[in-house]
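Note that the protein sequences, when read in sequence, are chains A and B.
For what it's worth, our numbering labels the leading residue of the first sequence as 1, then goes sequentially.
For what it's worth, our numbering labels the leading residue of the second sequence as 192, then goes sequentially.
For glycine and all other residues, C-beta sits at the position ideal for the given N, C-alpha and C.
Protein chains: 2
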Amino acid sequence: MVSIRGNSAKGRERRISIAVDLDEVTADTVAKRLQRYRADYGVELSRKDIQGKQIRDAVPSNHREAVEACLDEPGFSRDIPVMQNAQRILEGLSRRFEIFIATSAMDHPVSLYDRYLWLQEHLPFLTDRSYVFCGSKSILKADFLIDDNPRNLEIFSGTGILFTAHHNVYETRFKRVDSWLEVGAYFDSLV
Amino acid sequence: MVSIRGNSAKGRERRISIAVDLDEVTADTVAKRLQRYRADYGVELSRKDIQGKQIRDAVPSNHREAVEACLDEPGFSRDIPVMQNAQRILEGLSRRFEIFIATSAMDHPVSLYDRYLWLQEHLPFLTDRSYVFCGSKSILKADFLIDDNPRNLEIFSGTGILFTAHHNVYETRFKRVDSWLEVGAYFDSLV
């Protein structure tokens, strides 16, 4: 167990904590969105097509509203695939670190319960004590935040780790990991 | 605007932050629960009857399950009354402090969206950037937490303020406020 002494409010020893984002980090939301776009418009968008941009900026302007609106549909967030190796690596980390799953879910409040059920299904080694559905990641008190959104890392008070996603490939300000295998290796190197 | 310099991760000036609990602090959940108990069982429980205990411990054992189960019903959390003076005082505080509404909503995940809608309706001066639906309040990075649950204040890293509720009247470890008027006076005395 990795722990530090005297850094908590009450001066007790505590475990190092890692907050982990959901979309594009734990959940492969882009896979579901590209699949849905194909189903709705018959257009195949590849990961390469959306490299360096948001999906809404990679589609014709008359499709833009629809590619965002589906995120507000009940059920859309329920069957998103898990990111490769996320479960295995997170389960290992959860034995040594305090893990929080922190998602900016307020943008799509209809999805809140779906996200709860998704986490229960796919990360059964965590309890719902670990879930944080927040409007702003500035509220998070954790040692690390793994997130694909540079804006979340900017306002986070601990050490930010950028998880590579199609839209952040040109970002250079943060420690970057390309995969869950790299996340595991990074935290292995700490202990 | 109340602010402190050099206490954020990036060394910028930032506003003092106050996290505020929802049930029994911003929302008068007990009022709704007593009303529902009366409707279901025809028994009038007063605030005095539940003084110093949880509602489940103040009812006959064969009613215990039902008084908890209603919290998991869709819609139950949607029309809870607002605590007296909470809106006016919170709106005033929101001009000078950074406010977060932090609720341990994971105990009743069906209520997540209802709580979102409740906050949108009753605290329109806050945006959903302020909402935190969390499993554990140990994740909160804020200067103050106003909460009726001593266990939440125990694990909070900032200054805890106990908001008086029927079940916590014998708690003595924390600064106590009995009403939103006292909350306002407390923060007025800081500046």
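Any beta carbon of chain B sitting closer than 8 Å to that of residue i?
i, result
"Met106 of chain A", "yes"
"Leu112 of chain A", "yes"
"Phe174 of chain A", "no"
"Val20 of chain A", "no"
"Arg78 of chain A", "no"
"Asp128 of chain A", "yes"
"Ile139 of chain A", "yes"
"Phe100 of chain A", "yes"
"Ser157 of chain A", "yes"
"Tyr131 of chain A", "yes"
Can you confirm whether residue i, when its beta carbon is compared against all beta carbons of chain A, has any partner nearer than 8 Å?
i, result
"Gly266 of chain B", "no"
"Ala333 of chain B", "yes"
"Pro315 of chain B", "no"
"Cys325 of chain B", "yes"
"Pro300 of chain B", "yes"
"Tyr307 of chain B", "yes"
Tell me, to the nearest whole angstrom, how far the beta carbon of residue i is from that of residue j; I am working on the premise that it is less than 8 Å.
i, j, result
"Asp147 of chain A", "Val25 of chain A", "6 Å"
"Val382 of chain B", "Val374 of chain B", "The Cβ separation is near 14 Å, so there is no contact."
"Asp212 of chain B", "Asn343 of chain B", "7 Å"
"Cys134 of chain A", "Ala102 of chain A", "6 Å"
"Asp28 of chain A", "Val82 of chain A", "7 Å"
"Leu281 of chain B", "Leu314 of chain B", "6 Å"
"Gln51 of chain A", "Val169 of chain A", "6 Å"
For residue i versus residue j, is the C-beta spacing smaller than 8 Å?
i, j, result
"Pro150 of chain A", "Phe174 of chain A", "yes"
"Arg14 of chain A", "Phe97 of chain A", "no"
"Ala333 of chain B", "Ile139 of chain A", "yes"
"Leu353 of chain B", "Glu362 of chain B", "yes"
"Arg47 of chain A", "His166 of chain A", "yes"
"Glu259 of chain B", "Arg247 of chain B", "yes"
"Tyr131 of chain A", "Leu303 of chain B", "no"
"Asp49 of chain A", "Ala39 of chain A", "no"
"Lys328 of chain B", "Leu317 of chain B", "no"
"Tyr307 of chain B", "Pro109 of chain A", "yes"
Taking the DSSP output, what are the residues bridged to residue i?
i, result
"Leu162 of chain A", "A:Asp147, A:Arg176"
"Asp214 of chain B", "B:Ala218"
"Ile207 of chain B", "Beta-bridge pairing links Ile207 of chain B to no other residue."
In chain order, which beta strand (DSSP E) runs of at least 3 residues are fully inside the region 315–340 of chain B? With a minimum length of 3 residues, the continuous beta strand (DSSP E) runs that stay inside the region 315–340 of chain B are 322–325, 335–338.
With a floor of 4 residues, list each alpha helix (DSSP H) that falls wholly inside the region 29–85 of chain A, ordered by position along the chain. List check, alpha helix (DSSP H) in window: 29–41, 64–69.
Sequence ranges, alpha helix (DSSP H) only - wholly within the region 81–116 of chain A, length at least 4: Taken in chain order, the whole alpha helix (DSSP H) runs of length 4 or more contained in the region 81–116 of chain A are 86–96.
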